[in-house]
Structure formats: C-alpha cells, structure tokens
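Here is the structure we will look at.
2 protein chains.
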Amino acid sequence: MLEDKNPQRTSLAELGEFGLINHITKYFSISHKSTLKGVGDDAAVLDASTKQTVISTDLLIEGVHFDLSYMPLKHLGYKAVMVNLSDIYAMNATAEQITVSLAVSNRFPLEAIEELYAGIQLACETYHIDLIGGDTTSSTKGMLLSITAIGKANKEDLVFRDGAKPTDLIVVTGDFGAAYLGLQVLEREKQVFKVNPQNQPDLENYTYLIERQLKPEARKDIADLLKELDVKPTSMIDVSDGISSELFHICTQSKVGCKIYEDKLPLDPQVINACEEFELDSTTIALSGGEDYELLFTVPIDAYDKIKGNPNLSIIGHITEQNQGLQLITRGGQEIELRAQGWNALKES
Amino acid sequence: MLEDKNPQRTSLAELGEFGLINHITKYFSISHKSTLKGVGDDAAVLDASTKQTVISTDLLIEGVHFDLSYMPLKHLGYKAVMVNLSDIYAMNATAEQITVSLAVSNRFPLEAIEELYAGIQLACETYHIDLIGGDTTSSTKGMLLSITAIGKANKEDLVFRDGAKPTDLIVVTGDFGAAYLGLQVLEREKQVFKVNPQNQPDLENYTYLIERQLKPEARKDIADLLKELDVKPTSMIDVSDGISSELFHICTQSKVGCKIYEDKLPLDPQVINACEEFELDSTTIALSGGEDYELLFTVPIDAYDKIKGNPNLSIIGHITEQNQGLQLITRGGQEIELRAQGWNALKES
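For the record, the sequence lines run as chains L and R.
Counting in the numbering used here, the first sequence runs from 264 upward without gaps.
Counting in the numbering used here, the second sequence runs from 264 upward without gaps.
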C-alpha cells in the first residue's frame, strides 16, 4: 500500500554511527536561546532561567506502537514528536527541545532513516523545537524510537494531575475516537491489500480519521487560549489512552470522583459514520480509543462563561466527591461506572 | 550460568502498565531540591536555578548491547545508569536526575523487572540521583532500556569536546581494556556452559575484568578532584568506545592532532595477563576495547605538576597541530597513525 518506491539503498553499516548522526542532524537548526549546546558532545546544555524545566519521555516500538506497512516513515517521525510534545503541553508548559534515540535493524537503508528524520524535522520546525541529542544504534529486530521532550514554564503556570476539586468542570479540546477508527480503516485496507495488491483503496470517507491516526497534532495552542480566556486549569492531562483512562488518572491523583455525560462527548461526523459501518459503539470508542492527543482539564465552575461556546473546547461533565466514583450518564439518563479500559501496551504482547 | 532460580513468576499483563509503574517506582525516593515533580504526571518538573542543565541519553538493546545469559538484570540496571551518568560527568557537571524507559517482551515476569530496577535503584542511591519519569511498554522481542540523564553545572565549569589546544596534555582516569576482556571471559564461559552445563567456572584470575564489565562505575569523583587540584580541562569526553575513538572526537571537534605514547597507557595486571592468554595485543585492547567509562581530558601544559603522580590520573600524550594527525608512539619509538576503530553499534547487526 504505502511502500518505499525509491530504489536507492545506502547501507547504514557503510556510513557508521557517527556518519549517520552527522548526516541526519545537519538539516536541523537551533532556534532557542536556551539551547546552548545541542548534538555533538557527551551531553546537551540548556541555559538556566527563572523558569522551571519540564521533561517527558516516550518509547515507540515497531509492531507494538506502529506498523510500517501503513505508517509512512515521515509520518512516524512527525507523530513520535507529537506524542512527546503533547505531554509537555499537558503541563501547561512550552516545549523547546527534544532528544531522539533510534534503533534500527539492518533491513533499513539510509533513505528510510532520512524519511523518518524528515518527519521529525518538520515537527521541530512547525512546533519550534530544537533537536539537542540522542543515540543511534542497531536493533536485532525492527525499529524503535525513544524521544525525550524538554519544556519550560513559569512555576505559577504549571498544571498537574492532582488539583481537581469537586464541582470543577471537566473540559476537553477537539474531538475523540478518530485516530482509533483511522487505525481500523488502515488495518482493513492492509488485509484487502494482502488479498488483492491491485485493489485501489477508496479512502475519501475516512480522510479525517486517517489524518488523525497518521499525522496527529499536539495542542500547542491551548496554553495561549487559556491565557487569553484568563482561565487556569486546576488539573490537566493529555488524552493518549482515551478519556476514561485519563479521567481515572486525574481522579486518583486528585482524590475525587467525576460525572461525565454521553451526549456531551465531541465526535466528528466521520467518527459517527465509521462507527456505524464497523458496528462499534461511538461512546466506547470516544472513551477508550486512544491516540487522540487532545487535552483534558478541569476548571473552577465560575469559569463556565469563559469556556462555553468556545469552538475549541467542550464541557463534558464535572468533578464530584471521591466516594461517588467515576460515572458516565448515558443519553437515556442511566448511570454507568467508568472503567479505565485504555489501551494497555503491556497486554498487547 | 547466571540464571534466575526464582520459581515465582508474576505476569506483567496481569499487573498492567500503571500497576507496573507504581510497583517499580515506590522504592525510589527524591533527594534533590531541584526535583519538584518526579514520576506520575505527564512530565517531570525541575526547578530553575542559576546553573545550566545538561542532558544526555542512551539506548541499550538486548542482543546488541547486552546478553542476559551472563549479565544479571540487577547489574544491567546499574550499568545502564552508569553509561548515562558518565556522559554527564564528562561535561564536568553533576548528575541529578534520570528518566528510564523500558520495553520488555512477555518472556519477562515481574520478578525480572524488579531485579532490573533494584540495580537502577542502587545506582540512584550510590550516585545521589532522582528517578523522575519514563515509559514502560511491551516489545516484540527481548528487552531494551532508554535512559536520559539530567545534570547541572555552573556555566564556567562546563567542559566541551572542542577546546583542546596544541601542547595541551592528554590525561585519562583509571585504566583501560578490562571491561572488554571481561566480556571475552564471559563469552568464553558461555560457550563452555553450552557444552557442559555442570562445569563450575574458575574466574578468580578475572575478577577485576568481570567487575569492570558487569558493574562499571562512572567517574563522579573527577569533577571534585579537578577542583581540588585547581585544574580546568580544556576538553573532556568519557571513554565508552575506546581511547582511539574518543581522541578522534576531541581532535575533530577541537581541530587539532595528538600524539600518545604506548608505554603510558594505564593497564591493570589482569589486563596484561588476559591479553597473553587470549593472544590479544594489549595496546589495541586499551585503545579500542570500549566500555571503560573512564574520562579522557586535556589540560594546559602548565598543569603538569598538579597532575603528575596523582594515582587517579595518567598523562598519556599531548595535543599537536591538526596537520600532524593522530599518532601513537610505540614502545620501539615508531609512529603509527591512530584509527577510530571504536565499537560501531551499527556494524554489529
């Protein structure tokens, strides 16, 4: 389906580790004053400031987190950066630097690595991020990527997971379930392709779903929006494993319960249509689909007027006392206990 | 040889990702004032200070960087931290925090992960390091570890790779080649074990070599020693790939050449004996063995009196003009061009 048609193959062994590092880093430039020393020494050096440093890290493994038969390498590079930036934005911080460690088996030629780094570079340019270091090595099987993102925030701006209070409103950005359904569409096309490689897929009805799966964007804009609205969240988390799983984290760490409303969950029309087609429950997909990389946060109830009607934000419920548990109120008015049935990486193997 | 005799096996899938994270992090405590928020949110938060932040990252993959048939998991955890701290110390900085990302296939039970983290914890306690985050996931094959280390330094104390000047002395800490030979001994024992599992290995003559391979120590002490001696290096690097490879980095980045002397290379008697036994050239092993995790640095020639005779330090040569190249002067007085024949991870696959 999505195959590398480029016949040119440069062996990585030929180039060597240092050659490869030089080759892939020469296209990256430094844009933050705080990046004093990037790639090329034992460690990178960041300038001190009166702000606080925020650090997050993620590991992506071929066959577990991505499938290169439908994930083009450039998209993988872009997405891998987004996954990490999303964590930094979920602290209400500004992301400034990343380190990228890469392991590849000898089935990958240089041209594949170039594609991957083209995606990383595009993400760095778009999100104003400096690549400051990493490690490059061989793997015995497949590709894996480990990215660490570093950000900055004023101490008073940082938002953690443990500050939600009863009566706080629960707010989400964007919409949910599309990335998960995008994956289902791509998986289906992969099966069709196996049976008939000549088949031309018609993906017109799934463009948004596929884009959300292959090229997610991290919500860099929300910190600014919240400042404009003069709202400071009491807690915040990025939605990588589905709303249920993230609410579970917020409620556990804040020692509270919550009530969310099925009819308030923001869904794109393509999500609703695809759920019908795949015979899936759209609420389950929105709550447990994962990979949306939207933000979920709580705000004091008196911020209601500032939040409501904003096209970027949806109020989906409110925080309750801890003994009330985590509840979903269905369209029919029924109370159902939420379960953290987020995507569990350790159960995939 | 070194096998887990513990019959207890707790499946990781049973525990789930969040259960596993809670389980392995509860034994770690925070010891730095600068660690404001460690594990448990989207990102860790470090306090601002007037110092500069130093960041380094390394990726270790089973079958490429380690072999669990003779590397006990606790040692692996310890060593993985050392590899990263060594990079921070090579900046003349103090290491303060690490993030640890781990991927494991389902062949590993919880008890194996506990062993690994016991080693990481021992390293953290011994070296005064806070574990502040990470990622835990499944792999399709084997184990891999990605560690990022974060340190602090005053701007004026930082030492890079690009400051070496002609006539500067080249100084190394400790001795060389032992870790490489330790690996050869362990590899040989593994082969013996395959043929006769009842064989009891006699490793008495190789204790230092094996310790250097399985439980290396990073040179945390050198920054303090240099302060005591009132010496500031003009350049510094940690020796992970062998002296030749590191000199190649220093000379390339500093735009200089160098001359080192075969008879000045510090070798432990066990290294000399094992080289005879394995019919290896001890100079080659010292120059290209790798995994010593000692420091190599350059100092102005007027620091000679402060360095000479110090039991931790050996002067092995001096920096020259770039057009002189990188030269080894043999015991017989012959000049041989050095080659960066360090361990190349990308050629292993």
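All C-beta atoms in this analysis are idealised placements derived from N, C-alpha and C, irrespective of residue type, glycine included.
query: Any idea what DSSP makes of GLY279 of chain L, helix, strand or coil?
result: In the structure shown, GLY279 of chain L falls within a helical segment according to DSSP collapsed to helix, strand and coil.
message: Distance cutoff 8 Å, beta carbons only. Does GLY326 of chain L sit that close to anything in chain R?
response: Taking CB atoms only, GLY326 of chain L has a neighbour in chain R less than 8 Å away.
- prompt: Under a CB-based cut-off of 8 Å, is SER612 of chain L close to chain R?
  reply: In this predicted model, SER612 of chain L has a pLDDT of only 31, less than 50, meaning its place in the structure is not dependable enough to derive any value.
message: For SER612 of chain R, which residues in the same chain have their Cβ closer than 6 Å to its Cβ, ignoring the five residues on either side in sequence?
response: Residue confidence for SER612 of chain R is low, a pLDDT of 31 falling below 50, so the modelled location carries little weight; the figure read from the coordinates is stated next. Correct list: empty, nothing qualifies.
message: Measuring straight from C-alpha to C-alpha, what distance separates LYS415 of chain R and LEU299 of chain R?
response: As the crow flies, the alpha-carbon of LYS415 of chain R is around 15 Å from that of LEU299 of chain R.
message: Please state whether the Cβ-Cβ distance between ILE324 of chain L and THR593 of chain R is less than 8 Å.
response: Cβ atoms of ILE324 of chain L and THR593 of chain R: not closer than 8 Å.
- prompt: Do you know offhand how far TYR471 of chain L's Cα is from GLY445 of chain L's?
  reply: Rounded to whole angstroms, TYR471 of chain L to GLY445 of chain L spans 8 Å at the Cα level.
message: Just to confirm, is the Cβ distance from ASN468 of chain R to ASN536 of chain R under 8 Å?
response: Yes; because the gap between Cβ atoms is below 8 Å, this pair is in contact.
- prompt: THR273 of chain R versus chain L: which residues are under 7 Å apart at the beta carbon?
  reply: Correct list: empty, because the minimum Cβ distance to chain L is about 12 Å.
- request: May I ask you to report which of helix, strand or coil DSSP gives THR547 of chain L?
  value: Looking at THR547 of chain L - three-state DSSP - the assignment turns out to be helix.
- prompt: Opposite GLN315 of chain L in the DSSP bridges: which residues?
  reply: Looking at the DSSP output, GLN315 of chain L bridges to L:ALA416.
- prompt: Interface residues of chain R around ASP350 of chain L at Cβ under 7 Å?
  reply: Within chain R, ASP305, ALA306 have C-beta atoms less than 7 Å from the C-beta of ASP350 of chain L, given in sequence order.
Contacts of THR320 of chain R in chain L (Cβ-Cβ under 8 Å): Neighbours of THR320 of chain R on chain L, chain order: THR362, SER364, GLY396, GLY397, ASP398, SER409, THR411.
- request: Can you grab the Cα-Cα spacing for the pair ILE548 of chain R / GLN454 of chain R, in whole Å?
  value: Roughly 22 Å separates the two Cα atoms.
query: Just how far apart, CA to CA, sit THR273 of chain R and CYS538 of chain L?
result: Taking the Cα positions, THR273 of chain R is about 37 Å away from CYS538 of chain L.
message: Please classify GLN384 of chain R as buried or exposed, where buried requires at least 16 neighbouring CB atoms within 10 angstroms.
response: Looking at its Cβ environment, which holds 16 or more other Cβ atoms inside 10 Å, GLN384 of chain R is buried.
- prompt: Does the Cβ of ASN347 of chain R have 16 or more other Cβ atoms within 10 Å, making it buried, or fewer, making it exposed?
  reply: Buried, by the Cβ-count rule.
query: Residues of chain R with CB under 8 Å from PHE423 of chain L, in chain order?
result: Residues of chain R passing the Cβ test: LYS300, ASP304.
message: Beta-carbon within less than 8 Å of ARG615 of chain R's beta-carbon, same chain only, minus the 5 sequence neighbours each way: which residues are those?
response: One cannot answer for residue 615 of chain R here, as it falls past the ends of chain R, which runs 264 to 612.
query: Of all the options R:LYS478, R:VAL327, R:PRO496, R:SER507, which has the alpha carbon lying nearest to the alpha carbon of LYS337 of chain R?
result: Among R:LYS478, R:VAL327, R:PRO496, R:SER507, the Cα nearest to that of LYS337 of chain R belongs to R:LYS478.
Residue from L:ILE473, L:ASP565, L:VAL308 whose Cα sits closest to the Cα of PRO429 of chain L: Selected option, being the one with the closest Cα: L:ASP565.
message: Using CA atoms only, rank isn't needed, just tell me which of L:GLY572, L:VAL435, L:GLY326 is closest to PRO496 of chain L.
response: That would be L:VAL435, whose Cα lies nearest to the Cα of PRO496 of chain L.
task: Would you check if the distance between the CB atom of ALA306 of chain L and the CB atom of SER292 of chain R is smaller than 8 Å?
output: Not a contact, by the Cβ cut-off of 8 Å.
- prompt: Is there a Cβ from chain R that is less than 8 Å from the Cβ of ILE599 of chain L?
  reply: The C-beta of ILE599 of chain L comes no closer than 8 Å to any C-beta of chain R.
- prompt: First and last residue of the beta strand (DSSP E) that includes ASP487 of chain R?
  reply: Segment 484 to 492 is the alpha helix (DSSP H) holding ASP487 of chain R; no beta strand (DSSP E) there.
field: Three-state secondary structure (DSSP) of LYS453 of chain R
entry: Three-state DSSP puts LYS453 of chain R in a helix.
message: Can you tell me whether ASP544 of chain R is buried or exposed? The criterion is at least 16 other CB atoms within 10 Å of its CB, across all chains shown.
response: Exposed: under 16 other Cβ atoms inside 10 Å.
message: If the cut-off is 7 Å on Cβ atoms, which residues from the segment 427 to 448 of chain L count as contacting chain R, listed in chain order?
response: Closer than 7 Å at the C-beta level to chain R, one finds no residue of the segment 427 to 448 of chain L.
- request: Pull up the CB-CB distance for ARG482 of chain L and TYR352 of chain L, whole angstroms please, since I reckon it's below 8 Å.
  value: With 8 Å as the limit, ARG482 of chain L and TYR352 of chain L qualify as a contact, their Cβ atoms being about 5 Å apart.
field: Closer than 8 Å at the beta carbon, the chain R residues around VAL317 of chain L
entry: Here the neighbours are ALA306, ALA307, VAL308, LEU309.
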